[in-house]
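What follows is one structure encoded as structure tokens, with my remarks underneath.
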Amino acid sequence: GLEPNHHPLPLPQDIFAKLADKKIFTQIDLSDAYLQVDVDEESRKMLTINTHKGLFQFNRLSPGVKPAPGEFQHIVDSMIADLDDTSCYLDDIIVASNSLDE
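Letter 54 of the sequence shown, counting from 1, is numbered 54 in full-length UniProt numbering, and no numbers are missing.
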């Protein structure tokens with residue numbers, strides 16, 4: 001189900017400190033980031049919306065759901081954990097280097 005996710009968001013000052021000595025930066029904004037994450041069958045029941053055309057369930061993580069930020073941050077943090085000059089804040093990934101060759 002949609003259990004609360006307490007994965008911490010990084011503090012901006014920690015991101016700045018990690019990338020402070022870099023000269024070149026690339027920023028990647030993940031489009032519709034939360035909607036890229038599947039949710040399980042049980043969670044879909046809790047993501048039901050009622051419209052004039054009937055009931056609909058989200059099959060993907062909805063941006064307005066309380067555990068969404070922590071869950072998404074956890075997913076991306078685990079994906080970039082081995083990348084030294086990369087940081088993520090929610091749906092924004094920053095890649096830094098000292099030269100174009102890096």
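The beta-carbon is built from N, C-alpha and C at its ideal position, and this holds for glycine as well.
All of these numbers come straight from a predicted model, not from anything done at the bench.
- Around the CB of F72, 16 or more other CB atoms lie within 10 Å, so the residue is classed as buried.
- Between the region 5 to 14 and the region 22 to 35, the count of C-beta pairs closer than 8 Å stays below three; the two stretches do not touch.
- It is roughly 8 Å from the alpha-carbon of M46 to the alpha-carbon of L2.
- If you ignore the 5 residues before and after L61, its C-beta comes within less than 6 Å of the C-beta of Y34, V37, V39 and A68, all in its own chain and listed in chain order.
- Counted as a single uninterrupted DSSP element, the beta strand (DSSP E) harbouring S97 occupies residues D92 to S97.
- Judged by their CB atoms, D85 and S97 are nearer to each other than the 8 Å cut-off.
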